[in-house]
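J.:
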Amino acid sequence: TSQFLIGAASSGSGKTTFTLGLLRALKNRGLKVQPFKCGPDYLDTKHHAAAAGQTSYNLDTFMASATHVQEVYARHSRTADICITEGVMGLFDGYDNMAGSSAELAGLLHLPVILVVNARSTAYTVAAILYGFKHFRPDIQIAGAVFNFVGSESHYTYLQQACRDAGVEALGYLPKCKGIEIPSRHLGLNIDSEFCFDEFADRIACQVEQTVDIDRLLDICSCATAPSSCLPGKTNSHASDMCIAIACDEAFNFIYPENLRVLEQKGKLTFFSPLYDSELPVSDLVYLPGGYPEFYLSRLSENRTMRQSILNYCQNGGHLFAECGGMMYLGEYITDTDGHSYPMCGFLPQGATMENMKLKLGYRKIFLNGQEYRGHEFHYSRIIPGQSPLPSIARVTNAKGMEVDTPVYRSGHVTASYIHFYWGDLPPFFI
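Residue numbers for the sequence shown follow the working numbering, so the first one is 1266 and each next one is one higher.
Quick look at the structure:
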């Protein structure tokens, strides 16, 4: 097995482009390639899965314990030919210096690092950058470098010389090329009808095959071994007859596979669509995850029978947990960027608006019922409180322990928050 982490000096270096191209190139070679993502991002894992044909798993050392992260990695890497973990931001960037960084994860899982270096408007200077990466933390193995935004083959020869002098192997490059640049969307990569992801992935894969020495890359990362201590944990078959209904469609799909695994151990999962279905399935618990409700406001609003079904369920004492976009849907209305408001389920005494979009993001510690839970926040919308706003039932801080004003609402048996929770180490508080 070859396994490694793809890191960079900063965001925008081309980690995701290279990762997607390499995943698809290896899949096209007939190999079983298992992707992972460092950090909490939902979108990169979706694109990994589309490129590799395998579910991608988040490995997050803030939201889960080291033991849990090792166990997830061990469980999903066992049957793969190659395991590729995409880093987040710059290699050493964490929530507190290196804590929570790609480098910390590489150290925890004993993964060599392939560095993607932005070579736009630079040449021999990359020797100093690579030398710094190699020697800053000698316990983190920089196995090789791949350059992005390379202007020409002669540009690459300068970069190869820089690598030789820094003592880091040059493994190839991606040229400056519009056809392999990722179109962006306000929360990351773009999946929309005009954009054909498969063609895009094949285009990058073709480029990677041409200008990156894939065989050498796999060879230098083939002796890596995951920690032997982390044997996969026991899985319980579901312990109860509880029926859990989960919203899953284009509007609501920010769901961690590990959270599904936890819920599966609590009961039987069924999936439904607030866009397409006319009413809730019969269930003991409903989970409304986050997603992109703001792109489907008219359709969500027009599906009156589903909105009424959810409202009735909540008003009749049904157990429901809503995150981010799911919480927005539970409110009275959502206003789009142009100021048009669309009626939603009407259970929470508040609205949500996309007007004057401002990003709010960060890791969160949630103190509730004597327990500390972990999650993260990432949204552009904001809540507009109604006449009698709900109080928050939890104390919430950022990763460094400073209090933040992100509420966790509870009304009857309904719990809702902007926070995306990760149930890696603690069972959900709403079951």
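Glycine is no exception: its CB is placed at the ideal position from the N, C-alpha and C atoms.
Determine the direct distance from the alpha carbon of Ala1371 to that of Ala1489, and round the result to whole angstroms.
T.: Confidence at Ala1489 is low in this model, with a pLDDT of 48, below 50, so the placement of that residue should be treated as unreliable; the coordinate-derived value is given next. It is roughly 11 Å from the alpha-carbon of Ala1489 to the alpha-carbon of Ala1371.
J.: Could you check the C-alpha separation between Cys1486 and Ile1407 for me, to the nearest Å?
T.: Roughly 10 Å separates the two Cα atoms.
J.: Do you know offhand how far Asp1358's Cα is from Ile1405's?
T.: Spanning the two alpha carbons is a distance of roughly 14 Å.
J.: What are the boundary residues of the beta strand (DSSP E) that Val1679 is part of?
T.: Val1679 to Ser1682
J.: So Phe1643 and Gly1591 are in contact, right, with Cβ under 8 Å, and what is the actual spacing, rounded?
T.: That belief does not hold up - the Cβ atoms of Phe1643 and Gly1591 are roughly 14 Å apart, past 8 Å.
J.: Taking just the CA atoms, how far does Glu1668 sit from Leu1242?
T.: With the chain covering 1266 to 1696 only, the question about residue 1242 has no answer from this structure.
J.: Identify the continuous beta strand (DSSP E) that holds Thr1284 and give its terminal residues.
T.: Element bounds for Thr1284: not the beta strand (DSSP E) but the alpha helix (DSSP H), Lys1280 to Asn1293.
J.: How many angstroms separate the CA atom of Leu1540 from the CA atom of Ala1512?
T.: Their backbone Cα atoms lie some 9 Å apart in a straight line.
J.: With DSSP collapsed to three states, give me the class of Ala1489.
T.: Residue placement at Ala1489 cannot be trusted, given a pLDDT of 48 that sits under 50; what the coordinates show is reported in the next sentence. DSSP places Ala1489 in coil when its eight states are reduced to three.
J.: In three-state DSSP terms, what is Ser1419?
T.: helix
J.: I'd like to know whether the C-beta atoms of Leu1395 and Val1433 end up nearer to each other than 7 Å.
T.: In this structure, Leu1395 sits near Val1433, with a CB-CB distance shorter than 7 Å.
J.: CA-CA distance, His1451 and Leu1285?
T.: Legend: pLDDT at His1451 = 41, less than 50; position of this residue unreliable, no value from coordinates given.
J.: Go ahead and pull the three-state DSSP assignment for Phe1398.
T.: helix
J.: Out of Lys1623, Thr1390, Tyr1628 and Cys1579, which one is the CA nearest neighbour of Pro1614?
T.: Cys1579
J.: With distances taken between CB atoms, is the gap from Val1411 to Val1381 smaller than 7 Å?
T.: yes
J.: What residue from His1400, Thr1476, Leu1550 and Thr1535 has the CA that sits closest to Asn1581's CA?
T.: Ranking the options by Cα distance to Asn1581, first place goes to Leu1550.
J.: Is the distance from the Cβ of Gly1352 to the Cβ of Cys1303 below 7 Å?
T.: Yes; because the gap between Cβ atoms is below 7 Å, this pair is in contact.
J.: Using 8 Å as the cut-off, can you tell me whether the segment 1660–1674 makes contact with the segment 1627–1642, which would need three or more C-beta pairs spanning the two stretches below that distance?
T.: Segments in contact, yes.
J.: So is Gln1652 buried or exposed if we call it buried at 16+ other beta carbons inside 10 Å?
T.: exposed
J.: Just the C-alpha distance for Phe1695 and Leu1576, rounded to the nearest angstrom, thanks.
T.: Those two C-alpha atoms are separated by around 18 Å.
J.: To which residues does DSSP link Ile1649 through a beta bridge?
T.: Gly1616
J.: So what does Asp1361 bridge to, in DSSP terms?
T.: DSSP, once it has assigned bridges, lists Ala1364 as partnering Asp1361.
J.: Report the residue from Tyr1561, Asp1514 and Phe1586 whose alpha carbon sits nearest the alpha carbon of Asn1524.
T.: Phe1586
J.: Whole alpha helix (DSSP H) runs in the segment 1581–1630 with 4 or more residues, listed along the chain?
T.: 1590–1595
J.: Taking the Cβ atom as the reference point for each residue, do Ala1317 and Leu1287 lie within a distance shorter than 7 Å?
T.: no
J.: In three-state DSSP terms, what is Cys1471?
T.: helix
J.: So, at 6 Å on beta carbons, what are the nonlocal neighbours of Pro1440 in its own chain, with the 5 sequence-adjacent residues on each side left out?
T.: Val1415
J.: Restricting to Cα atoms, I'd like to know which of Lys1311, Ala1345, Val1337 and Thr1266 is closest to Lys1297.
T.: Ala1345
J.: Alpha carbon to alpha carbon, how far is Phe1686 from Pro1656?
T.: As the crow flies, the alpha-carbon of Phe1686 is around 19 Å from that of Pro1656.
J.: State the Cα-Cα distance for the pair Val1268 and Ala1659, rounded to the nearest angstrom.
T.: This sequence places Gln at residue 1268; Val is not what is there. About 40 Å.
J.: Under 7 Å, do Cys1508 and Lys1531 count as touching if we go by C-beta distance?
T.: no
J.: Which value, in whole angstroms, describes the spacing of the CA atoms of His1641 and Ala1331?
T.: 18 Å
J.: Here's the rule I'm using: 16 or more other beta-carbon atoms within 10 Å means buried, otherwise exposed. How should Pro1650 be labelled?
T.: Exposed is the label assigned to Pro1650, since fewer than 16 other Cβ atoms lie within 10 Å of its Cβ.
J.: In terms of alpha-carbon separation, which member of Leu1565, Pro1672, Ala1681 and Gly1279 lies closest to Val1473?
T.: Gly1279
J.: How many angstroms separate the CA atom of Glu1637 from the CA atom of Tyr1645?
T.: 26 Å
J.: Give me the Cα-Cα distance between Thr1310 and Thr1350, rounded to the nearest whole angstrom.
T.: If you draw a straight line from the Cα of Thr1310 to the Cα of Thr1350, it is about 10 Å long.
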